[in-house]
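Each residue of the sequence shown is one higher than the last, beginning at 469 in my numbering. Note that beta-carbon positions come from the ideal geometry of N, C-alpha and C, so glycine has one too. For reference, the structure is listed below as structure tokens.
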Amino acid sequence: MSQSIPLLPFDQSAQKTSVRKKGQSSRFASAVNDLDLSEWRSLHDVLTDSLWIIPERDKSGAHSGEYHGNFIPQIPRQMMVRYTKKHDVVLDAFLGSGTTLIECRRLGRHGIGIELIHSVAQKAQMAISREKNLDQVQTVVIEGDTREPETTDRIKNALREIGKPQVQLLILHPPYHDIVKFSKDPRDLCNAPSLEAFLDSFSSALRNVSPFLENSRYLALVIGDKYTLGEWVPLGFYTMQRIMQEGYKLISIIVKNMEGNRAKRNLQNLWRVRALRGGFYIFKHEYVMVFKKK
469 MSQSIPLLPF
479 DQSAQKTSVR
489 KKGQSSRFAS
499 AVNDLDLSEW
509 RSLHDVLTDS
519 LWIIPERDKS
529 GAHSGEYHGN
539 FIPQIPRQMM
549 VRYTKKHDVV
559 LDAFLGSGTT
569 LIECRRLGRH
579 GIGIELIHSV
589 AQKAQMAISR
599 EKNLDQVQTV
609 VIEGDTREPE
619 TTDRIKNALR
629 EIGKPQVQLL
639 ILHPPYHDIV
649 KFSKDPRDLC
659 NAPSLEAFLD
669 SFSSALRNVS
679 PFLENSRYLA
689 LVIGDKYTLG
699 EWVPLGFYTM
709 QRIMQEGYKL
719 ISIIVKNMEG
729 NRAKRNLQNL
739 WRVRALRGGF
749 YIFKHEYVMV
759 FKKK
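Below, the structure is given as structure tokens:
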């Protein structure tokens, strides 16, 4: 049975113990990260199991939980530690409140984030600027539609500014279709008129950003399912199929359980009664799916 491990708040001292030392023997080296595998016993902060029990959202530094629907900092942190090195580039195609780029600053990775909604992009930029930038990395917020050619051009410009031809990690945390209405903008995936329209828009966004990811590097999808009119809608597996159709192979499916979910907080007894009456199970999990570009 998979062990469930709590994700701890950000700890810079723990990060220092996990970084590979300069000149270290190549048999302990990795092509995609800075982990010192000769010290694997001390890498307690690096998760390798597929069940993540998360006691609470990390709110340290510039992170804030006020934006409903943003994902927890521990997820991009784990992805960056496992699949990037210092001064690599991370691209978040659905930036939201800026969580990924705040973590980029903390871990010394360059970051590019795309956000459709003007007010959200502005708040994200402000939050990111409040985070210390000890490694002098560049973090670029692009306001625009991930599916549009204009956004592609702006990603190219950002990469030229950073001095890299491609990115080394792609993160996708799209809206879970219409569960949360983030805006009234018809371009927003939360306003897709049907499940098929949502999936087509997701595929279009993926096709627009996928060429920027280096071959044999990793894509992380963070998504949850939804329950509508007595039917479970497996958004996670539908989007998983769309990614695999674009030339990626599935590496891992991580189930993340978040205690104290905002939507169900203080309503636990009500949801339990509803579940007993309706014959369904209450889901509090999301998926973190890891793919490798062929």
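Asked                                                                                                                      : Found
ASN601 - DSSP class collapsed to helix/strand/coil                                                                         : coil
PRO702 beta carbon near the ligand GDP (any heavy atom closer than 7 Å)                                                    : Among the components of this structure there are no ligands whatsoever, and the ligand GDP is therefore not found.
Alpha carbon of VAL467 to alpha carbon of ARG577, nearest angstrom                                                         : The question about residue 467 has no answer here: the residues shown for the chain are numbered 469 through 762.
ASP513 and ILE585 closer than 8 Å at C-beta                                                                                : no
Residue environment, MET469, which counts as buried when at least 16 other CB atoms sit within 10 Å                        : Any reading at MET469 needs caution, since the residue's pLDDT is 43, under 50, leaving its predicted position unreliable; the model's value is listed next. By the 10 Å Cβ count, MET469 comes out exposed.
Cβ contact (3+ pairs, closer than 8 Å) linking the region 588-604 and the region 614-626                                   : no
Own chain partners of TYR644 with C-beta closer than 7 Å, once the 5 adjacent residues on each side are dropped            : ILE691, GLY692, LYS694 and LEU703
Which listed residue (ARG574, LEU575, VAL609 and VAL588) has its alpha carbon closest to that of ILE582                    : VAL609
Range of the contiguous alpha helix (DSSP H) that encloses THR620                                                          : 617-630
Option in SER597, LYS554 and LEU559 with minimal Cα separation from ILE570                                                 : SER597
Burial state of LYS762, where buried means 16 or more other Cβ atoms lie within 10 Å                                       : exposed
Contacting residues, own chain, Cβ-Cβ under 7 Å from ILE630 (five flanking each side not counted)                          : VAL557, HIS578 and GLN606
DSSP three-state assignment for VAL500, whether helix, strand or coil                                                      : coil
Inter-residue spacing [alpha-carbon to alpha-carbon] between SER672 and TRP739                                             : 36 Å
Other residues of its chain near LYS632: CB distance less than 6 Å, five sequence neighbours each side excluded            : VAL557
Which listed residue (GLU699, LEU511 and TYR716) has its alpha carbon closest to that of TYR686                            : TYR716
Simplified DSSP assignment, three categories, for ARG685                                                                   : strand
Limits of the alpha helix (DSSP H) - the one that VAL758 falls within                                                      : Segment 753-761 is the beta strand (DSSP E) holding VAL758; no alpha helix (DSSP H) there.
Within 8 Å, strictly: CB atoms of PHE680 and ILE711                                                                        : no
Limits of the unbroken beta strand (DSSP E) element including THR583                                                       : The sequence shown places Glu at residue 583, rather than the Thr named in the question. Where GLU583 is concerned, the enclosing beta strand (DSSP E) stretches over 578-583.
Straight-line Cα distance separating ARG742 from THR552                                                                    : 43 Å
Helix, strand or coil at ARG742 [DSSP, three-state]                                                                        : helix
Segment limits, beta strand (DSSP E) that includes VAL664                                                                  : For clarity, residue 664 is Glu in the given sequence; the question names Val instead. Unbroken run through GLU664 is the alpha helix (DSSP H), 663-677; no beta strand (DSSP E).
Cut-off 6 Å between Cβ atoms - residues of its own chain near GLN593, not counting five sequence neighbours on either side : VAL609
Short Cβ contact (8 Å threshold) for MET547 with ILE639                                                                    : yes
Rounded C-alpha distance that separates TRP520 from GLN713                                                                 : 27 Å
Neighbour-count burial assignment, PHE748, 16 or more Cβ in a 10 Å radius                                                  : exposed
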